[in-house]
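Chemist: In my numbering, the protein residues as written are 10 to 714. Idealized CB from N, CA, C, for every residue including glycine. Predicted model, so just to flag it, every value in this text is computed and none were measured. Below is one structure. I have some questions about it.
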């Protein structure tokens, strides 16, 4: 079996590959460079045309042995019929000849519908023609990419293509030559150049002779908003295959903590998700510096942010193998999933229902449990099953899921009754099963097998089967959909933006009613807020976030809502040390039935220690706090949540807004404007608030969205 997974008995190797392109262009680029074909068809929606064209341009520049063409499925990336119709045209144009499919990119519905069509239109034993790049994949196309290409497919360009002149001077002649060439530079700036040059030279020595590895000196990113300006910069860049290590060199340990979040945000904007950050500092050794970063922002894990003292780096990273073990240990760590010898037998052709099951029919439901538990709870509301299996992956948060599921089912069936006690909920809890063993979220066949076995045990032939694949990986979603269709059931996806359910067999239908999930489960660390935040937060914590703006926004949004609104607050603001990280989370979360609006208002002057002085925050630091809060809410609420960032007039709001918009471009279909919206949890809305004349956006009736 060769690298692509083909074996000698498989169908003839195709010369055409279809690659789905989503908001992150890196997987599509790697697939396009890896596929052993002469013809590439890059399939996207209207919203990702720009991404697809960037990928096509990069492939044309790097590989002369293949042609590329961009095909759009139209404006709706959640329309399974549109992607299927496009692939049918491809199939006809190829006169039935086989073709590869990489379904890593695109929306989940695009990926699942494309993979299912590919399976139907190809003969048995053609599973090796469908490809999915999981986070541990190490595709051969990664050997020919470079840092410039990875940046360009993300719409980023360097201001200069060479290392800065002072750094080049240091590399050529050492510190003495640098001082002679630049005698007027301040001592601190000279020391910084020397430190950067030492790290750059050391990394180049450690990677010498590696054709799949690249090390660049300082680079500045061209500012799309201000011609001639820079919007981000990097001290040193190291690429091994398609993984990138962005290196920042600091002289003070406290600068590492303050800059970590913004460095991660800009790194991922420029190079995508396969990016890590390395901080190298030259001052006194601080033993718990790495831990301080996690305390400041729990999302900045040791897996993505490394902190090394200069002396330790020079001593321990003495070879390429040492460097790879320290920063790229996951490459090749995952073995390919075993390929079955033959398709799994299906006991007779399934009989599909003529219509999508109504909640009154009490369907049998399977729903995955992803990083956010909210998707599973809203699936229970949408389908109202008589029995349900909640299928966790190894990354899922499983605590209290059955209890929350029981409460959700009870609230759906008895909307006007108060929540009962545990004894009264027993019947509802018994309707929900949590799979004992988590599945491999990157193995669609393993997922399909687990679901098939449960359906076979539980299905009595009378109630319809529904499998909801809203959460989880795309490979997991494919396995869920295959199991549903093989059992004659419906494979569905929830569209939060439209309050609709898309069934791969029956199309789109409106959600019935609005879910009332157990927000105490979703918002752990938050407590219900009665009254105003200013009544509960005192002392230095009042200066970490703009309490007055938060209370004002919550009050107006709650008053404008035509339906119920419950406000939750971040209780760490009352902790004598945890309040220092409050700006990295939404301070308030307003729950409108099954939707959540997070409110963040990072202060422009804040403390770094409980009793330390208040310091000015840069626009980049403020923007990073907004993105940390956005990520925090997204992990909990996924597409059912959106973040509103509040700031007073008079600060450098324009620049901070530009930075927020620039980072969000990598994951968004475009600016949302001055309105609250759902469906894109990674794009925060920045609102300038004058308490004397509050903006109209704070009078939005979120209950109608």
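Could you please give me the residues that DSSP links to residue 259 through a beta bridge?
Modeler: 290
Chemist: Ignoring anything shorter than 3 residues, give me the beta strand (DSSP E) runs that lie fully in the segment 173-198, in order along the chain.
Modeler: Entirely contained in the segment 173-198, not one beta strand (DSSP E) run reaches 3 residues.
Chemist: Considering residue 223, what are the terminal residues of the beta strand (DSSP E) in which it resides?
Modeler: First-last of the beta strand (DSSP E) with residue 223: 222-225.
Chemist: List the endpoints of the continuous alpha helix (DSSP H) containing residue 574.
Modeler: Residue 574 -> no alpha helix (DSSP H), and no H or E assigned at all.
Chemist: Whose C-beta lies closer than 6 Å to the C-beta of residue 712 among residues of the same chain, with five residues either side of it excluded?
Modeler: 570, 571, 572, 601
Chemist: Taking DSSP as the reference, what is the three-state secondary structure of residue 341?
Modeler: In this predicted model, residue 341 has a pLDDT of only 49, less than 50, meaning its place in the structure is not dependable enough to derive any value.
Chemist: Could you tell me the alpha carbon to alpha carbon distance between residue 604 and residue 649, rounded to whole angstroms?
Modeler: 5 Å
Chemist: DSSP puts residue 248 in a beta bridge; with which residues?
Modeler: 223, 253
Chemist: Tell me the rounded alpha-carbon separation between residue 719 and residue 306.
Modeler: The structure shown does not extend to residue 719, since the chain is modelled only from 10 through 714, so no value can be given for it.
Chemist: Would residue 79 pass as a contact of residue 61 if the rule is Cβ separation under 8 Å?
Modeler: In this structure, residue 61 lies closer than 8 Å to residue 79 by Cβ.
Chemist: For residue 357, I'd like the list of residues in its chain whose CB is within less than 7 Å of its CB, leaving aside the five on either flank, ordered along the chain.
Modeler: Legend: pLDDT at residue 357 = 45, less than 50; position of this residue unreliable, value from coordinates given subsequently. Short of 7 Å from the beta carbon of residue 357, and not among the five residues preceding or following it, lies no beta carbon of its own chain.
Chemist: Tell me whether the segment 495-514 and the segment 85-92 touch, counting them as touching only if at least three CB pairs, one residue from each stretch, are closer than 8 Å.
Modeler: yes
Chemist: When we look at the beta-carbon of residue 479 and count the other beta-carbons within 10 Å, is it buried (16 or more) or exposed?
Modeler: Buried, since its Cβ has 16 or more Cβ neighbours within 10 Å.
Chemist: Are the beta-carbon atoms belonging to residue 611 and residue 635 less than 8 Å from one another?
Modeler: yes
Chemist: Bridge partners for residue 697 per DSSP, in chain order?
Modeler: 656
Chemist: Mind listing, in chain order, the continuous beta strand (DSSP E) runs of no fewer than 3 residues lying wholly within the segment 34-87?
Modeler: 48-53, 76-81
Chemist: Is it right to say residue 11 is buried, meaning 16 or more other beta carbons lie within 10 angstroms of its own, or is it exposed?
Modeler: In this predicted model, residue 11 has a pLDDT of only 37, less than 50, meaning its place in the structure is not dependable; the value taken from the coordinates is given anyway. Looking at its Cβ environment, which holds fewer than 16 other Cβ atoms inside 10 Å, residue 11 is exposed.
Chemist: Taking only three categories from DSSP, how would you classify residue 243?
Modeler: strand
Chemist: Please specify which runs of the alpha helix (DSSP H), each continuous and at least 4 residues long, are wholly inside the segment 390-450, giving them in chain order.
Modeler: 410-422, 435-439
Chemist: Which one of 399, 471, 532, 425 has the shortest CA to CA distance from residue 456?
Modeler: 399
Chemist: Measure the alpha-carbon distance for residue 565 versus residue 120 and round it to whole angstroms.
Modeler: Rounded to whole angstroms, residue 565 to residue 120 spans 40 Å at the Cα level.
Chemist: State the CB to CB distance for the pair residue 141 and residue 27, rounded to an integer number of angstroms; the pair is presumed to be in contact (CB under 8 Å).
Modeler: Contact flag wrong, Cβ pair sits at about 13 Å.
Chemist: Taking the CB atoms as reference points, tell me whether residue 577 and residue 608 lie closer together than 8 Å.
Modeler: no
Chemist: Can you tell me which of the three DSSP states residue 608 falls into?
Modeler: strand
Chemist: Are the segment 164-172 and the segment 186-202 touching by the rule of at least three beta carbon pairs closer than 8 Å?
Modeler: They do not touch, by the three-pair rule.
Chemist: Within 10 angstroms of its Cβ, does residue 643 collect 16 or more other Cβ (buried), or is it exposed?
Modeler: By the neighbour-count definition (other C-beta atoms within 10 Å, threshold 16), residue 643 is a buried residue.
Chemist: Starting from residue 466 and walking both ways along the alpha helix (DSSP H), at which residues does that stretch end?
Modeler: 453-467
Chemist: Closest to residue 54 by C-alpha separation, out of 261, 714, 646, 31, would be which residue?
Modeler: With respect to the C-alpha of residue 54, the residue from 261, 714, 646, 31 having the closest C-alpha is 31.
Chemist: Going by C-alpha to C-alpha distance, which of 257, 200, 275, 189 sits closest to residue 231?
Modeler: 275
Chemist: Of the choices 130, 651, 74, whose alpha-carbon is the least far from that of residue 598?
Modeler: 651
Chemist: Report yes if the C-beta distance between residue 155 and residue 223 is below 8 Å; otherwise report no.
Modeler: yes
Chemist: Is it the case that the Cβ atoms of residue 372 and residue 402 are separated by a distance below 8 Å?
Modeler: no
Chemist: I'd like to know whether the C-beta atoms of residue 113 and residue 29 end up nearer to each other than 8 Å.
Modeler: Cβ atoms of residue 113 and residue 29: closer than 8 Å.
Chemist: Under 8 Å, do residue 718 and residue 176 count as touching if we go by C-beta distance?
Modeler: For the chain, the structure presents residues 10 to 714; residue 718 sits outside this window and is missing.
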